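Each remark here refers to the structure printed beneath this line.
Have a look at this one:
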């Protein structure tokens with residue numbers, strides 16, 4: 001009888017040991033999905049060997065992740081797109097050699113970098129801020145490679161045109177600001193947004209479940225289902241950031257037509273690698 005009781009107690013202890021982390025995970029997923037997402041990115045950065053640091057320059061703080069140290073090969077600066085953050089590059093970083101010096105920075109007003117409604121979020125304003133960041137961490141001691149996607153690709157192209165001696169080459173992934181022969185659905189929506197005096201919803205800043213669904217259809221070539229808890233977290237974050245991101249859209253809309261000049265100048269100053277969605 002005593003042996004049977006000990007066996008029951010053993011099973012209870014083992015079951016409790018397994019149940020506690022499972023219940024903690026389920027509770028976190030249901031009640032605090034944002035915390036779970038942060039833990040996920042933290043674990044992924046740690047696995048890839050990335051460290052998060054802050055760079056203070058003149059009362060402005062940049063948050064960035066880096067791996068490796070400057071060496072014989074050019075360092076790589078990675079600029080993310082509108083309403084994204086530095087961790088969106090993790091899926092790319094995992095394929096890069098570990099001996100390369102990589103820097104992924106949160107763009108002005110995004111994630112861990114200083115955000116204020118009085119900041120200049122135009123492309124030129126962001127270029128000036130990124131240059132301030134580059135000088136602060138002394139990344140421009142020798143020419144480096146810059147990678148940018150969407151809005152970050154726009155900033156990267158203009159940066160190369162404004163500071164050609166600092167850039168040895170660049171990769172632009174679906175860069176914003178380049179005129180296409182055929183206007184897309186997104187281009188048409190932006191034109192309608194401009195003509196409406198910004199009374200229409202901005203497709204990249206969803207504030208309702210329906211707008212979130214529209215954004216995923218607009219931005220994702222591959223359809224995938226996102227759990228409701230994660231979707232709600234993204235919606236809440238988008239609502240919190242609405243004013244700031246709307247300022248970014250407003251600051252940049254009138255610059256699109258003049259950016260072809262900057263890209264042309266950049267092409268003549270360094271090697272450029274363009275990648276658009278159909279190339280992947």
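Residue numbers (full-length UniProt numbering): 1 to 280.
Where is the CB? At the ideal position from N, CA and C, for every residue including glycine.
These figures come from a predicted structure and were not determined experimentally.
Measure the C-alpha to C-alpha separation of residue i and residue j and round it to an integer number of angstroms.
i           : j           : result
residue 89  : residue 64  : 12 Å
residue 192 : residue 59  : 38 Å
residue 73  : residue 93  : 16 Å
residue 46  : residue 164 : 34 Å
residue 99  : residue 138 : 19 Å
residue 210 : residue 188 : 19 Å
residue 152 : residue 62  : 15 Å
residue 172 : residue 159 : 12 Å
residue 29  : residue 40  : Here the model assigns residue 29 a pLDDT of 49, short of 50, so the residue's position is not dependable and the matter cannot be decided.
residue 117 : residue 161 : 27 Å
residue 141 : residue 75  : 10 Å
residue 174 : residue 157 : 12 Å
residue 281 : residue 96  : Since the first and last residues shown for the chain are 1 and 280, residue 281 lies out of range.
residue 214 : residue 205 : 10 Å
residue 135 : residue 126 : 14 Å
Return the first residue and the last residue of the beta strand (DSSP E) that residue i is part of.
i           : result
residue 144 : 144 to 149
residue 62  : 60 to 67
residue 171 : 167 to 173
As a quick exercise: from the options, pick the residue whose alpha carbon is nearest that of residue i.
i           : options           : result
residue 108 : 79, 174, 216, 172 : 79
residue 149 : 139, 106, 119     : 106
residue 104 : 36, 212, 174, 54  : 54
residue 81  : 44, 155, 62       : 155
residue 133 : 145, 77, 36, 170  : 77
residue 123 : 42, 56, 176, 206  : 176
residue 70  : 101, 135, 126     : 101
residue 146 : 136, 166, 57      : 166
residue 111 : 120, 121, 85, 136 : 85
Quick one: is residue i buried, meaning 16 or more other Cβ sit within 10 Å of its Cβ, or exposed?
i           : result
residue 83  : buried
residue 129 : buried
residue 49  : exposed
residue 113 : buried
residue 38  : exposed
residue 51  : exposed
residue 87  : buried
In terms of residue numbering, what span does the alpha helix (DSSP H) encompassing residue i cover?
i           : result
residue 129 : 123 to 136
residue 90  : 90 to 93
Please tell me whether, using a cut-off of 8 Å, the distance from the CB of residue i to the nearest non-hydrogen atom of the ligand MG is below it.
i           : result
residue 168 : In the structure on display, the ligand MG does not appear, and there are no ligands present to speak of.
Between residue i and residue j, how many whole angstroms is the CB-CB distance? I'm expecting something under 8 Å.
i           : j           : result
residue 182 : residue 144 : Wrong, their Cβ atoms sit about 34 Å apart, outside the cutoff.
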